[in-house]
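These protein sequence lines are chains L and U, in that order. Note that this note's numbering has the first sequence beginning at 181, numbered continuously upward. Note that this note's numbering has the second sequence beginning at 181, numbered continuously upward.
Number of protein chains: 2
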Amino acid sequence: MADVFQALAHPLRREVLKKLRNGPMTAGDLAEAFPVSKPTMSRHFATLKEAGLIEAEKVGTVIRYRLNLSVAEEAAGAIMDVLKIHPDTAAKAAPPSGAVEKS
Amino acid sequence: MADVFQALAHPLRREVLKKLRNGPMTAGDLAEAFPVSKPTMSRHFATLKEAGLIEAEKVGTVIRYRLNLSVAEEAAGAIMDVLKIHPDTAAKAAPPSGAVEKS
DNA sequence: AAACTAATTAGCATTATTGCTAAATAGAAG
DNA sequence: CTTCTATTTAGCAATAATGCTAATTAGTTT
């Protein structure tokens with residue numbers, strides 16, 4: 181559980197999670213979407229996987245990653261608990277879903 | 181805004197935020213509550229302050245820190261946005277407020 | 001089996017984080 | 001103005017995180 185916060189600390193990993201909200205993606209397709217080498221992406225995947233935020237599934241020659249909603253939900257809940265914020269308040273403060281964050 | 185996630189990554193800093201939910205505390209009182217040196221605590225305070233999660237107020241000889249709810253709320257909202265989780269779902273997944281986390 | 005593709009692991013360098021002790025600052029009190 | 005208290009800043013060492021290229025693994029295809 182503690183690893184979750186660490187996993188969320190890197191902007192690239194947060195962007196990966198955002199991409200996976202729309203559905204599973206292969207490691208290769210994800211890697212193409214970011215300006216770092218494939219091995220570097222692979223390491224970020226491992227970090228997210230160890231935190232339980234994503235899950236890997238081997239499909240033929242390809243590895244498909246998908247968001248693990250149950251762990252992600254737990255993480256969001258834990259964060260709100262740390263801050264003792266009522267869910268409705270946080271929802272109101274959330275930026276529009278399409279917002280881009282500079283890294 | 182990006183610093184917020186980094187600030188939340190360290191377990192000690194999350195515990196500091198939890199303590200501040202009950203109201204403002206002085207740097208010294210906070211420092212006594214954790215098994216690290218005062219200069220180390222001071223650095224953690226600086227990290228939280230740079231992230232905007234806490235605010236400092238000098239009261240006589242003492243510095244009082246308090247949770248900055250508006251930034252904290254924004255952070256919680258941003259996290260939920262990354263994960264695209266509906267607030268109610270996250271609320272249900274939140275652990276009991278008194279839960280202790282091992283560092 | 002040889003070659004090709006997708007992805008990971010190994011090994012290395014660079015930078016960031018953490019935590020310590022010692023020293024500095026700032027204000028309060030004598 | 002000296003001293004005391006609260007807190008921070010400086011400087012250092014150890015550890016962790018990031019990102020690269022080169023090499024490896026595993027599965028497909030010819």
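Cβ atoms here follow ideal geometry from the backbone N, Cα and C, with glycine treated the same way.
Exclusion of the five residues before and after U:Val196 leaves Leu210, His224 and Leu228 as the residues of its chain whose Cβ lies within less than 7 Å of its Cβ. For U:Ile259, the nearest CB of chain L lies under 7 Å from its own CB, placing it at the interface with that chain.
Beta-bridge partners assigned by DSSP to L:Val239: L:Val242. When C-beta atoms of the stretch 242-255 of chain U are compared with those of the stretch 201-210 of chain U, three or more pairs fall below 8 Å, so the two segments count as touching. The alpha-carbon separation between L:Val251 and U:Gly240 amounts to approximately 45 Å. Within the stretch 213-228 of chain L, not one residue has a Cβ closer than 7 Å to any Cβ of chain U.
Chain L has no Cβ within less than 7 Å of the Cβ of U:Leu200.
For L:Leu210, no Cβ of chain U is located within less than 7 Å of the residue's own Cβ. The Cβ of U:Ala231 sits no closer than 7 Å to any Cβ of chain L. Within the same chain, Cβ atoms closer than 6 Å to the Cβ of L:Ala231 are found at Asp183, Val184 and Ala187, the five residues on either side in sequence being excluded.
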